[in-house]
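Peer 1: Numbering (the numbering used here), first residue to last: 67 to 490.
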Ligand code: MN
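1) Would you list the residues whose beta-carbon is nearer than 6 Å to any heavy atom of the ligand MN, in the order they occur in the chain?
2) If you scan the region 236-323 from start to end, which runs of the beta strand (DSSP E) of 3 or more residues do you find wholly inside it?
3) Beta-carbon within less than 7 Å of residue 392's beta-carbon, same chain only, minus the 5 sequence neighbours each way: which residues are those?
4) Suppose you measure from the CA of residue 271 to the CA of residue 435; what does that come to, to the nearest Å?
5) Measure the alpha-carbon distance for residue 389 versus residue 126 and round it to whole angstroms.
6) Based on Cα-Cα distance, which residue from 209, 236, 267 and 273 lies nearest to residue 225?
7) Between which residues of its own chain and residue 410 is the CB-CB distance below 7 Å, once the five residues before and five after are set aside?
8) So the beta strand (DSSP E) residue 101 belongs to, where does it begin and stop?
9) Can the beta-carbon of residue 117 be found closer than 8 Å to that of residue 182?
10) Taking the beta carbon of residue 416 as the centre, do at least 16 other beta carbons fall within 10 Å, making it buried, or is it exposed?
11) Less than 6 Å between C-beta atoms, sequence neighbours within five positions excluded: which residues of the same chain meet that for residue 136?
12) Using only the alpha-carbon positions, how far apart do residue 86 and residue 94 sit?
13) Do you know how far the Cα of residue 73 is from the Cα of residue 297?
14) Where does residue 444 sit, in a helix, a strand or coil, going by DSSP?
15) The alpha helix (DSSP H) with residue 202 in it runs from where to where?
16) Which whole-angstrom value is the C-beta distance of residue 193 and residue 413, which I expect to be below 8 Å?
17) Where does residue 210 fall in DSSP's three states?
18) With a cut-off of 8 Å on the beta carbons, I'd call residue 313 and residue 243 a contact; round off their distance for me.
19) Hey, residue 83 and residue 112: beta-carbon distance below 8 Å or not?
20) Leaving out the 5 sequence neighbours to the left and right, which residues in its chain are closer than 8 Å to residue 252 when beta-carbon positions are compared?
21) Which residue spans inside the region 146-182 form an unbroken alpha helix (DSSP H) run of at least 4?
22) Quick one: is residue 352 buried, meaning 16 or more other Cβ sit within 10 Å of its Cβ, or exposed?
23) With a Cβ-Cβ cutoff of 8 Å, do residue 202 and residue 231 count as a contact?
24) Could you give the DSSP three-state label for residue 400: helix, strand or coil?
25) If we ignore side chains and look at the alpha-carbon of each, how far apart do residue 318 and residue 327 end up?
26) Residue range of the beta strand (DSSP E) that residue 469 falls in?
27) Under a Cβ-count criterion, where at least 16 other Cβ atoms within 10 Å of its own Cβ denotes burial, should residue 386 be classed as buried or exposed?
28) Run through the DSSP bridge pairs and tell me what residue 184 is partnered with.
29) Is residue 235 buried or exposed, if buried means 16 or more other CB atoms sit within 10 Å of its CB?
30) Does the distance from the CB of residue 422 to the CB of residue 205 come in under 8 Å?
31) DSSP three-state call for residue 144: helix, strand or coil?
32) Under the rule that 16 or more other beta-carbon atoms within 10 Å means buried, what is residue 383, buried or exposed?
33) Can you give me the C-alpha to C-alpha distance between residue 115 and residue 273, rounded to a whole angstrom?
34) Buried or exposed, going by whether 16 or more other CB atoms sit within 10 Å of the CB of residue 453?
35) In terms of alpha-carbon separation, which member of 476, 305, 479 and 151 lies closest to residue 240?
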């Protein structure tokens, strides 16, 4: 293999992969699956297949010590903790094995039968045991739109916003994998000028986000520079940060969101590595004013990842309600990680860090219903004629993401979830 970073765009897998698949051999995203007669183990997605990494590890084909059983833990934490040189060596070996450049998998029918599993016969699980979850607020368009609705149209951004990636420490226990439905939360709902009511959330929303998983750990007191981020970031997923706007409005002063975002956060199952995204580098927005030195980057960049949100009413036709792009984010993942560790806070394998809602400069690029419907004032009309200010029971939200350059396309798959009636 020439270079670990980029798998030759002309390389083909020895198994058939549909053109336009999110998972060509240039992607190789990691996940956790079960089925086909085995317990939870690690795999990579390849077209409509899952490549069973535990099977390859046990066959001695991966550049790791088989005695560690890195891929048999039921989460990616142990593999991610091994660090980027190991991630890259495994990625390069997989490209060789799955293309047939190294024929040991292609030419071994018994191993092939064990190691290539149809994805539709499997169950996908959370890819990591999630150590903790932080959500940022890094889209200038989102922060501006929300600030106009809730603060002051003339001073939509708070005075700190352009000086640091704003974030809050969220709830890891209720992060769920795509395909798992969730119940509309109950909570305290504000009543104008009076005491709150108790009841089911009436302003349930989605938030279009990406998130990254930390692989390598840092230590207490160790401040990471943005330029060091690629050594620490294992990869990215799509994230839907479900939000109860009415609960949020009442509770968020003075300490920020609590129960409004604690009931469910959905992520896509396949973790796309930064090496796979490398061909899709794009300029990140220029920063004015220049940030403080600890947030400065020598190689500032984003990735050109197109993102969509589809809203599907129960039994009805869906509609794409958002088209946005990861490159719109004002603060990069490197800056987020640098700020997160700026106090000496350590990070661990399996830490999940959300981008914040990713809105863009156009009306079509608004990343949540709060912005799209302007807090319910301009409801959406769906193909079945029904309208939505916020989500109703039975609604399903599907987020997708992919990057494309010439004939090369890699994707994230999707993150989807359906709103169920409140917990009894
Ligand atoms: Mn969020």
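All C-beta atoms, glycine included, are put in the ideal place defined by N, C-alpha and C.
Peer 2: Based on what the coordinates show:
1) Counting every residue whose Cβ lies closer than 6 Å to a heavy atom of the ligand MN, we get 201, 273, 275, 307, 420, 422 and 423.
2) 241-243, 252-255, 263-266, 274-280 and 299-306
3) Here residue 392 refers to the residue found at position 326 when the chain shown is read from its first residue. Taken in chain order, the residues that qualify are 276, 368, 369, 371, 373 and 424.
4) For the purposes of this step, residue 271 is identified with residue 205 of the chain shown, where counting begins at 1. For the purposes of this step, residue 435 is identified with residue 369 of the chain shown, where counting begins at 1. Each residue's alpha carbon lies about 6 Å from the other.
5) If you number the chain shown from 1, residue 389 lands on position 323. If you number the chain shown from 1, residue 126 lands on position 60. C-alpha separation (whole angstroms): 44 Å.
6) Along the chain shown, read from residue 1 onward, the residue named residue 225 stands at position 159. Among 209, 236, 267 and 273, the Cα nearest to that of residue 225 is on 209.
7) Locating residue 410 in the chain shown gives position 344, where the first residue counts as 1. Cβ neighbours of residue 410 beyond the five flanking positions: 286, 287 and 289.
8) Position 35 of the chain shown, counted from the first residue, corresponds to residue 101. Element bounds for residue 101: 96-101.
9) Within the chain shown, numbered from 1, the residue matching residue 117 stands at position 51. Within the chain shown, numbered from 1, the residue matching residue 182 stands at position 116. Cβ distance < 8 Å, so residue 117 and residue 182 count as in contact.
10) The count along the chain shown starts at 1 and reaches residue 416 at position 350. Label assigned to residue 416: buried.
11) Counted from its first residue, the chain shown places residue 136 at position 70. These residues qualify, in order along the chain: 130, 144 and 145.
12) On the chain shown, residue 86 is found 20 positions in, with the first residue counted as 1. On the chain shown, residue 94 is found 28 positions in, with the first residue counted as 1. Taking the straight line joining both Cα atoms gives about 15 Å.
13) In the chain shown, the residue the question calls residue 297 occupies position 231. In the chain shown, the residue the question calls residue 73 occupies position 7. Each residue's Cα considered, the two are about 19 Å apart.
14) Counted from its first residue, the chain shown places residue 444 at position 378. Correct three-state label for residue 444: coil.
15) Along the chain shown, read from residue 1 onward, the residue named residue 202 stands at position 136. Here residue 202 belongs to no alpha helix (DSSP H); instead the beta strand (DSSP E) covers 199-202.
16) On the chain shown, position 127 is the one that residue 193 refers to. On the chain shown, position 347 is the one that residue 413 refers to. Residue 193 to residue 413, Cβ: 17 Å. No contact.
17) Here residue 210 corresponds to residue number 144 of the chain shown, with the count starting at 1. Residue 210: helix per DSSP, three-state reduction.
18) If you number the chain shown from 1, residue 313 lands on position 247. If you number the chain shown from 1, residue 243 lands on position 177. 24 Å between Cβ atoms; not a contact.
19) By 1-based counting over the chain shown, the position of residue 83 is 17. By 1-based counting over the chain shown, the position of residue 112 is 46. The answer is yes: Cβ separation under 8 Å.
20) As a working note, residue 252 is residue 186 in the chain shown. Apart from the 5 residues on each side of it in sequence, residue 252 sits with its Cβ closer than 8 Å to the Cβ of 264, 265, 266, 267, 488 and 489 in its chain, given in chain order.
21) 150-165 and 175-181
22) One-based indexing of the chain shown puts residue 352 at position 286. When all chains shown are included, residue 352 counts as exposed.
23) Position 136 of the chain shown, counted from the first residue, corresponds to residue 202. Position 165 of the chain shown, counted from the first residue, corresponds to residue 231. Against a cut-off of 8 Å, the Cβ pair of residue 231 and residue 202 comes out as a contact.
24) The count along the chain shown starts at 1 and reaches residue 400 at position 334. In the three-state scheme derived from DSSP, where H, G and I count as helix and E and B as strand, residue 400 is classed as helix.
25) Stepping through the chain shown from its first residue, residue 318 is reached at position 252. Stepping through the chain shown from its first residue, residue 327 is reached at position 261. Each residue's alpha carbon lies about 11 Å from the other.
26) In the chain shown, residue 469 corresponds to position 403, counting from 1. Residue 469 -> beta strand (DSSP E) spans 462-471.
27) Position 320 of the chain shown, counting from 1, holds the residue named residue 386. Residue 386 should be labelled exposed.
28) If you number the chain shown from 1, residue 184 lands on position 118. The partner list for residue 184 (beta bridge, DSSP) reads 115.
29) The count along the chain shown starts at 1 and reaches residue 235 at position 169. Under this definition residue 235 is an exposed residue.
30) If you number the chain shown from 1, residue 422 lands on position 356. If you number the chain shown from 1, residue 205 lands on position 139. With respect to the 8 Å criterion, residue 422 and residue 205 are classified as neighbours on the basis of their beta carbons.
31) Counting from 1 along the chain shown, the entry for residue 144 is found at position 78. Helix at residue 144.
32) Counting from one through the chain shown, the residue named residue 383 turns up at place 317. With fewer than 16 Cβ atoms within 10 Å of its Cβ, residue 383 is classed as exposed.
33) Here residue 115 refers to the residue found at position 49 of the chain shown. Here residue 273 refers to the residue found at position 207 of the chain shown. The alpha-carbon atoms of residue 115 and residue 273 are separated by roughly 30 Å.
34) Start at 1 with the first residue of the chain shown, and residue 453 comes out as number 387. Residue 453 comes out exposed.
35) By 1-based counting over the chain shown, the position of residue 240 is 174. With distances taken between Cα atoms, residue 240 lies closest to 305.
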